[in-house]
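568 is the number that our numbering gives to position 17 of the sequence shown; each next residue is one higher, with no gaps.
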Amino acid sequence: MTIYTERAGLQVADVLAEFVETRALAGTGIAATSLWAGLADILNRFTPRNRALLAKREDLQAKLDDWHRAHPGPIQDMAAYQAFLREIGYLVPEPAPFEITTGNVDDEIAVMAGPQL
């Protein structure tokens, strides 16, 4: 049976709390209270969004499953299938061309080819 302890409002397994506080953070200069508070903040901010994304994924998967049950075997009409995927939001229009730039990245990562590393 797992025993839990409270850290910054989180229920943390004792063995995990002990490991983090005595081994993982050792020599880092990070206080355990700061780590747990930061983790609690991240979880409080992002858990609702994560739950919403998981619900959307479940909804999309249910629609895909329903479609494939209604159309067993190989896809016969790819245009109709792609239209279905667009209708449910699984496929979106291709974006306009764009560039991604890097900043504050060492040349070894941003410029040099792999074999030169």
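Think of the CB as a built atom: it goes at the ideal place given N, C-alpha and C, for glycine as much as any other residue.
- Counting the other CB atoms within 10 Å of its CB gives Arg558 a total of 16 or more, which places it among the buried residues.
- The shortest C-alpha to C-alpha distance from Gln612 to any of Leu636, Gln627, Asp658, Ala564 is the one to Leu636.
- If you ignore the 5 residues before and after Ile626, its C-beta comes within less than 7 Å of the C-beta of Tyr632, all in its own chain and listed in chain order.
- Rounded to the nearest whole angstrom, the C-alpha separation of Asn601 and Ala591 is 15 Å.
- Counting along the chain, no beta strand (DSSP E) covers Glu645, and no H or E run does either.
- Contact between Tyr555 and Val563 holds: CB atoms are separated by about 6 Å, below the 8 Å threshold.
- Ala588 is not a Cβ neighbour of Glu572, given a cutoff of 8 Å.
- In this structure, Lys614 and Ile651 do not form a Cβ contact; the two beta carbons are roughly 32 Å apart against a cut-off of 8 Å.
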